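Colleague: What follows is a single structure, and I will ask about it in a moment.
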Amino acid sequence: MATKATKAKKPAKKAAKSTKSTKQSHVPTPWLKLRQMWESGASYEAMAKATDAHFDPTKADPTKPTRAKIWKARNIGVNTNGKVVKFGARGKLAKERASKGKLKGVKKAAGKVKATKKAAKKAPAQVEGKAEPSSSTETASKGTSE
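For the sequence shown, our numbering begins at 5 and goes up steadily by one.
This is the structure we're talking about:
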């Protein structure tokens, strides 16, 4: 009789070893510290030394990753504390930029109160009432100077 041909059993596969190293090469960028240094006007080299985990002064261009991060933060914006933030001009605080932006479009006439047509029609006494306190302060200051 013919015997069945038996298949040769293959040896069990060993668990595959991971080729990844146990050390992680990605280090999150400290955007808050980088922004603080940018607004204080620090040099690229100082920012790279303080914030770049892979900084090596012997490289051909050691500040390139830091300059790339600053470019991204200024043009695209970065997520810090759940908000997308764009870096402004170097050496200027965000508060200074905001206050300068608000003052650009507003010009006030000194000592004059302008009434709109609607306000004049609705309540002329209110418009006059707003003008009186400024004149009363002028008379009060005149009285103290004499």
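For glycine and all other residues, C-beta sits at the position ideal for the given N, C-alpha and C. On a predicted model such as this, the values are computed, not experimentally measured, just so you know.
#1: In or out: Thr10 buried (at least 16 other Cβ within 10 Å) or exposed?
#2: Does DSSP put Thr55 in a helix, a strand or coil?
#3: Is the beta carbon of Lys90 sitting closer than 8 Å to the one on Ala77?
#4: Between the Cα of Pro34 and the Cα atoms of Met51, Ala46, Ser44, Ala16, which residue gives the shortest distance?
#5: Any idea if Thr55 is buried or exposed, counting beta-carbon neighbours within 10 angstroms, 16 or more meaning buried?
#6: How long is the line joining the alpha carbons of Tyr48 and Ser29, rounded to whole angstroms?
#7: Just confirm the distance between the C-beta atoms of Pro66 and Asp60, as a whole number of angstroms; I'd bet it's less than 8 Å.
Modeller: Considering the structure as presented:
#1: exposed
#2: helix
#3: yes
#4: Met51
#5: buried
#6: 22 Å
#7: 6 Å
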